[in-house]
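Remarks on the structure that follows.
Protein chains: 2
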Amino acid sequence: MTRSPQYPELDTPCAVINLDTVDRNIDAYQAYCDKHGIALRPHIKTHKIPAFAQQQLDAGAKGITCQKIGEAEVMADAGIDDILLTYNVLGDRKLARLRALFDRVKTLRVVADNLPVVKGLSRAFADSAKPLEILIECDTGGGRCGVQSPQAALELAQKIQSLPGITFAGLMTYPAAGGGDKVATFFGDAMAALDGVGIACPIRSSGGTPDMWKAHEVANVTEHRIGTYVYNDRSLMARGVCGEVDCALRVLAEVVSLPAPGRAIIDAGSKVLTSDLLGLDGYGCVVGHPEVAVVGLSEEHGILHFDAALSPFEIGERIEIIPNHVCVVSNMLDQVHLVRGNDIKTVDVAARGKVL
Amino acid sequence: MTRSPQYPELDTPCAVINLDTVDRNIDAYQAYCDKHGIALRPHIKTHKIPAFAQQQLDAGAKGITCQKIGEAEVMADAGIDDILLTYNVLGDRKLARLRALFDRVKTLRVVADNLPVVKGLSRAFADSAKPLEILIECDTGGGRCGVQSPQAALELAQKIQSLPGITFAGLMTYPAAGGGDKVATFFGDAMAALDGVGIACPIRSSGGTPDMWKAHEVANVTEHRIGTYVYNDRSLMARGVCGEVDCALRVLAEVVSLPAPGRAIIDAGSKVLTSDLLGLDGYGCVVGHPEVAVVGLSEEHGILHFDAALSPFEIGERIEIIPNHVCVVSNMLDQVHLVRGNDIKTVDVAARGKVL
């Protein structure tokens, strides 16, 4: 049972991150990747905090992954110098920012899945002393971005090799959960096709937390990108990827109303927990209260239901919620609270809200 | 048809707000409230921008509604001096902030639905020269906060009247959609009970955009709180409350990939549009493209589906999306772009992310 008051020095709602758990999560997956000879390239979207990215690198990660140039700029400002930007970059302003970033970090690579993007990158890097390395994004079943076949990957790689300022460096995919076999086959076929025309394909990057412990079973992959593992969340618990004890970020909320039997209202709504369901019922799980369901959220209220015969809470009591999807929670908060033992340190979520 | 390029001076994804539409929305509902003798108290949660709150007041609104103290502080900093805080305030730090805010604005009222909240308010205002006015929140079918019966409202009002520093000023509810009759009955019964013991009940505040054009049909209500009407959104179009032409905020996004027939990927994901469905299919509607569905969002990508025989988009083309729920979109963005004719002005969403 979790009883109030918890963290009396903090105001609710807020996110509290257990640093011992973060350490364990980072170290455990680094050890797994080291054991299996997989290069780990954590995605910073989950924490959006340079200090955690540095901790991941210090533990042995090869570099980091960002999705937006704005995120990469924040990380570069903090001294991180090996970044993969897994996004199709388009438009003169973004290309100029990409080029400026490239010119100030040791290693910056991007992905592309179509010719207009490749041509734009070539234009922006045509006068670069060293070429921009591009990974071709492949759709291995995720149904999002990516070329649709190994043949299409080959053709786009040949186009990249024919244009100034850029060079082909490998393949990238964000697979569907359970899609490891499709990744291995797609990458293997593309590698053979590339080899047939003499194009090297040194980097084969896959990713995803749901299949994190099966990364070593996927043939032809050299690198794994992974974000959520640093905090973990309810969606990963539901998949059996982690346990409650591995969930480092909890939303601290307060019961503000007990209006009727079987109902409690908390001060964390969609502005903190978000509406992401990821296929689950309810909007998070209340630590220590399996009898309670988070049945609804409005922007500033969470609605908890439980058996009307129970009285699990008092008004003003604090509860911890493990969110369905922790990455999006990080993006809702300007600051989070880092806890180690009795120490609490409040830090900015420096790359929060970087949509550009 | 909406063809690119649109707003070449802006980077995507972003939110573009048509000021002519905002003017029309504000003026039309103010005229409705004036005609029917209803005090309008707009909820700033939709825009979170002091200049729009001031425009609502200048048009004739009686005051504003905020949900969080942090929002009210931003509005007070901008000179707004009549604020209703529709939230149960708990805890010494929040009560101290509430008191400080009260001492610097002309009018600040709060709501309460339970005794611990009322006692806390009394403690914080016991030495105040003028008492804090409290509205009692009533659950008229919304199933969120609120006392459950007119009798419970009476008893809490009597308690408020017995405590120092605070005074009862009326009733407040956020009704379920279509719940006007229940509001009228609950408020009427509570008013009669209060009148029976000589307690005045001058303010009876209801709210909500879904039933905005029926507010005059609800007996016993003196004030209507409403947020979304300033921008409108897809959920309100689906309810027939507004048309597409009334939707002032559109998310400008760019097609970054056309990976397969019938699929386009845009650069607006849940970090801009959010996962709010509000009972709808899909995550927004693409202006000018009724044949296209926004079938999925990840954090930085939106997935559009359409008939595989169609080619509605080119890579790099910009589209406008009317979001399902516009209030939550405002909360995702540090800045938005205000458009009038050919002029574009970029402003901070000053009360964004104020969860405390």
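Residue numbers (our numbering), protein chains in the order written: chain A, 1 to 356; chain B, 357 to 712.
C-beta: ideal position from N, C-alpha, C; glycine also.
In this text the structure is predicted, and so the values were computed from the model without any measurement.
**Item:** Option in B:PRO472, B:ALA548, B:CYS494, B:GLY535 with minimal Cα separation from ALA566 (chain B)
**Value:** First, the amino acid is wrong: residue 566 (chain B) is Pro here, not Ala. Closest option to PRO566 (chain B), judged by alpha-carbon separation, among B:PRO472, B:ALA548, B:CYS494, B:GLY535: B:GLY535.
**Prompt:** So which residues of chain B does ASP27 (chain A) contact, with C-beta pairs closer than 7 Å?
**Reply:** For ASP27 (chain A), there are no neighbours in chain B by C-beta distance under 7 Å, as the nearest C-beta there is about 26 Å away.
**Item:** Closer than 8 Å to chain B by CB, HIS337 (chain A)
**Value:** No, no contact with chain B.
**Message:** Counting only Cβ pairs nearer than 9 Å, list the residues of chain A close to GLN504 (chain B).
**Reply:** For GLN504 (chain B), the C-beta contacts it makes with chain A under 9 Å involve PRO259, ALA260, in order along the chain.
**Request:** Please classify GLU71 (chain A): does DSSP put it in a helix, a strand, or coil?
**Result:** Looking at GLU71 (chain A) - three-state DSSP - the assignment turns out to be helix.
**Message:** I want to verify the contact list: residues of chain B whose CB lies under 9 Å from the CB of CYS327 (chain A), in sequence order.
**Reply:** GLU655, listed in chain order.
**Item:** Unbroken alpha helix (DSSP H) run spanning GLU150 (chain A), endpoints
**Value:** The sequence given here has Pro at residue 150 (chain A), not Glu. Its alpha helix (DSSP H) spans residues 150-162.
**Prompt:** Between the segment 367-379 of chain B and the segment 694-704 of chain B, are three or more C-beta pairs nearer than 8 Å?
**Reply:** Taking a cut-off of 8 Å on C-beta distances, the segment 367-379 of chain B touches the segment 694-704 of chain B, as three or more cross pairs fall below it.
**Request:** Could you say which of A:PRO312, A:PRO259, A:TRP213, A:ARG97 lies nearest to GLN504 (chain B) if we only look at CA atoms?
**Result:** Closest option to GLN504 (chain B), Cα to Cα, is A:PRO259.
**Message:** Let's test the definition: count the other Cβ atoms within 10 Å of the Cβ of ARG3 (chain A) and tell me whether it reaches 16, buried, or not, exposed.
**Reply:** Unreliable placement is indicated for ARG3 (chain A), whose pLDDT of 41 sits below 50; no coordinate value is reported for it.
**Request:** Classify GLN423 (chain B) as buried or exposed, calling it buried when 16 or more other Cβ atoms lie within 10 Å of its own Cβ.
**Result:** Buried, since its Cβ has 16 or more Cβ neighbours within 10 Å.
**Asked** Is the distance from the Cβ of THR584 (chain B) to the Cβ of CYS683 (chain B) below 8 Å?
**Response** It is a contact, given that the beta carbons lie within the stated cut-off.
**Asked** Based on the DSSP secondary-structure assignment, which residues constitute the bridge partners of ARG460 (chain B)?
**Response** Its beta-bridge partners do not exist; DSSP assigns none.
**Message:** For the ligand ZN, I want to know if THR565 (chain B) counts as a neighbour, meaning its beta carbon is within less than 7 Å of at least one of the ligand's heavy atoms.
**Reply:** Among the ligands in the structure shown, none appear at all, so the ligand ZN cannot be discussed.
**Message:** Just to confirm my understanding: we take ALA219 (chain A), look at its own chain, exclude 5 residues before and 5 after, and list those with CB closer than 6 Å. What are they?
**Reply:** Annotation for ALA219 (chain A): ALA184 place their beta carbon closer than 6 Å to its own, counting only its chain and skipping 5 residues before and after.
**Asked** What residue does the beta strand (DSSP E) around GLN335 (chain A) start on, and which one ends it?
**Response** Judged by DSSP secondary structure, GLN335 (chain A) falls within the beta strand (DSSP E) whose first and last residues are 335-340.
**Request:** Taking only runs that begin and end inside the segment 568-610 of chain B, name each unbroken alpha helix (DSSP H) of 4 or more residues, in chain order.
**Result:** Taken in chain order, the unbroken stretches of alpha helix (DSSP H) that lie wholly in the segment 568-610 of chain B and span 4 residues or more are 590-594.
**Message:** Can you check whether the C-beta of GLN423 (chain B) is within less than 8 Å of a C-beta belonging to chain A?
**Reply:** Output row for GLN423 (chain B): interface = yes.
**Message:** Between which residues of its own chain and PRO617 (chain B) is the CB-CB distance below 7 Å, once the five residues before and five after are set aside?
**Reply:** Same-chain partners within the cutoff: ALA664.
**Asked** Using a C-beta cutoff of 8 Å, does ILE621 (chain B) count as contacting chain A?
**Response** Taking Cβ atoms only, chain A reaches closer than 8 Å to ILE621 (chain B), which makes this a yes.
**Completely contained alpha helix (DSSP H) runs for the segment 178-208 of chain A, where each covers 4 or more residues** = The qualifying runs are 180-196.
**Asked** Closer than 8 Å, CB to CB, is LYS401 (chain B) near chain A or not?
**Response** Residue contact with chain A for LYS401 (chain B): present (Cβ-Cβ distance below 8 Å to some residue of chain A).
**Message:** Using beta carbons (cut-off 8 Å, strictly below), is PRO13 (chain A) in contact with chain B?
**Reply:** Output row for PRO13 (chain A): interface = yes.
**Asked** Leaving out five residues before and five after THR702 (chain B) in sequence, what residues of the same chain have Cβ atoms less than 6 Å from its Cβ?
**Response** The residues GLN691, HIS693, in chain order, have a CB closer than 6 Å to that of THR702 (chain B) in the same chain once the five nearest residues on each side in sequence are set aside.
**Message:** Within the continuous alpha helix (DSSP H) that includes ARG24 (chain A), where are the two ends?
**Reply:** Secondary structure note for ARG24 (chain A): its alpha helix (DSSP H) is the uninterrupted segment 19-36.
**Prompt:** Just checking my contact of THR368 (chain B) with GLU610 (chain B) at CB under 8 Å: how many whole Å lie between their CB atoms?
**Reply:** Sure, about 4 Å apart at Cβ, within 8 Å.
**Same chain only: Cβ atoms within 6 Å of ALA193 (chain A), ignoring 5 sequence neighbours per side** = Once the five neighbours on either side are set aside, the close Cβ partners of ALA193 (chain A) are PRO150, LEU154.
**Request:** Taking LEU85 (chain A) as the query, report the chain B residues whose CB atoms sit under 8 Å from its CB, ordered along the chain.
**Result:** The premise fails here: LEU85 (chain A) is roughly 11 Å from chain B at the closest Cβ pair, so nothing lies under 8 Å.
**Message:** Please return the same chain residues whose Cβ sits closer than 8 Å to the Cβ of GLY521 (chain B), not counting the five positions on each side in sequence.
**Reply:** Once the five neighbours on either side are set aside, the close Cβ partners of GLY521 (chain B) are LEU477, SER478, ARG479, ALA480, PHE481, ALA482, ASP483, SER484, PRO487, LEU488.
**Asked** What first and last residue would you give for the beta strand (DSSP E) that runs through ARG397 (chain B)?
**Response** Here the beta strand (DSSP E) through ARG397 (chain B) covers 395-398.
**Chain-ordered chain A contacts of ASP632 (chain B) [CB-CB under 8 Å]** = Here the neighbours are SER270, SER275.
**Request:** With ASP414 (chain B) as the anchor, note down where its alpha helix (DSSP H) starts and where it stops.
**Result:** In the DSSP assignment, ASP414 (chain B) falls within the alpha helix (DSSP H) that extends over 406-415.
**Asked** When you compare only the Cα positions, how much space is there between ASP651 (chain B) and PRO116 (chain A)?
**Response** Sequence inspection shows Val at residue 651 (chain B); the Asp mentioned does not correspond to that position. Spanning the two alpha carbons is a distance of roughly 24 Å.
**Prompt:** Can you give the beta carbon distance from ALA409 (chain B) to ILE382 (chain B), rounded, assuming they're within the 8 Å contact cut?
**Reply:** With a contact defined as Cβ atoms closer than 8 Å, ALA409 (chain B) and ILE382 (chain B) miss out at about 10 Å.
**Contact set between the segment 120-139 of chain A and chain B, restricted to residues whose Cβ is under 7 Å from the partner** = Among the residues of the segment 120-139 of chain A, those with a Cβ less than 7 Å away from any Cβ of chain B are ASP139, in the order of the chain.
**Asked** Thinking just about the alpha-carbon of each residue, which of A:VAL110, A:LEU101, A:LEU236, A:ARG250 is nearest to the one in ALA360 (chain A)?
**Response** Since the first and last residues shown for chain A are 1 and 356, residue 360 (chain A) lies out of range.
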